[in-house]
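Letter by letter, the sequence shown follows residues 1 to 161 in UniProt numbering. Written below as structure tokens is the structure these notes are about.
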Amino acid sequence: MVGKVWEEKEVKVPASEAWKLYGSLLLAKIMVEALSDRLSKVEVIEGDGSAGTILHIFLAPGTAGPASYKEKYTVVDDERRVKEAELVEGGFLDLGFTLYRVRLEVIEKEGKEEECIVRVTIEYEVKEEAAANAALVSIEPLVAIMQAAADYLTKSYTTNV
1 MVGKVWEEKE
11 VKVPASEAWK
21 LYGSLLLAKI
31 MVEALSDRLS
41 KVEVIEGDGS
51 AGTILHIFLA
61 PGTAGPASYK
71 EKYTVVDDER
81 RVKEAELVEG
91 GFLDLGFTLY
101 RVRLEVIEKE
111 GKEEECIVRV
121 TIEYEVKEEA
131 AANAALVSIE
141 PLVAIMQAAA
151 DYLTKSYTTN
161 V
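Structure representation (structure tokens):
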């Protein structure tokens, strides 16, 4: 079984400013802050935020499911402003998924230099015998991260302009 969910958010900063956050490891810090009820910490196992970087993400105590998982940045494209991360250990992979990929895109808003669109997409594949687990896929945690990132960007951009 194959699936995809996505969401977009308008952000009132230039795409180049948004990418400075989304294309960096600072996003992991914002992720923990935005999901403090679900995540306890994120450790960089390998890399500097470019393709090949591996993060170890720890869930908050009492959170259902595996205690942690690892994801690897498979694409970090500064020109197109695209970042993709795939689970490489734990998490959904322990629940019958063969692929769980998150793609972040920062898109220039046509005609509006001071605004951009951030799109997040989850793509997944799950074994047929575990197809019921596809119902566990939710874009909501990523929407919370997008909102926290938008708040951070708006505040820091207006402060620095």
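Ideal Cβ placement from N, Cα and C applies to all residues, glycine included.
Please name the residue or residues paired with T121 in a DSSP beta bridge.
The residue labelled residue 121 in the question sits at position 121 within the sequence shown. In DSSP, T121 forms a bridge with W6 and R103.
Take D48 as the anchor and find which of E33, R38, L25 and L39 has the nearest alpha-carbon.
Along the sequence shown, read from residue 1 onward, the residue named residue 48 stands at position 48. With distances taken between Cα atoms, D48 lies closest to L25.
Let me check understanding here. Comparing Cα to Cα, which of I57, L35 and L99 lies closest to A130?
Here residue 130 is taken as the residue at index 130 of the sequence shown, counted from 1. Taking only the C-alpha atoms, the option nearest A130 is L99.
Tell me where the beta strand (DSSP E) around E89 begins and ends.
The count along the sequence shown starts at 1 and reaches residue 89 at position 89. V82 to G90 is the span of the beta strand (DSSP E), which, as asked, contains E89.
Which residues in the same chain have their Cβ closer than 7 Å to the Cβ of C116, if we skip the five residues on either side of it in sequence?
On the sequence shown, position 116 is the one that residue 116 refers to. Correct list, in chain order: V11, V13, P14, A15, A18, V106, I107, E108 and K109.
Could you say which of V2, L55, K20 and G90 lies nearest to Y32 if we only look at CA atoms?
For this step, residue 32 is matched to residue 32 along the sequence shown. The sequence shown places Val at residue 32, not Tyr. Ranking V2, L55, K20 and G90 by Cα distance to V32 puts L55 first.
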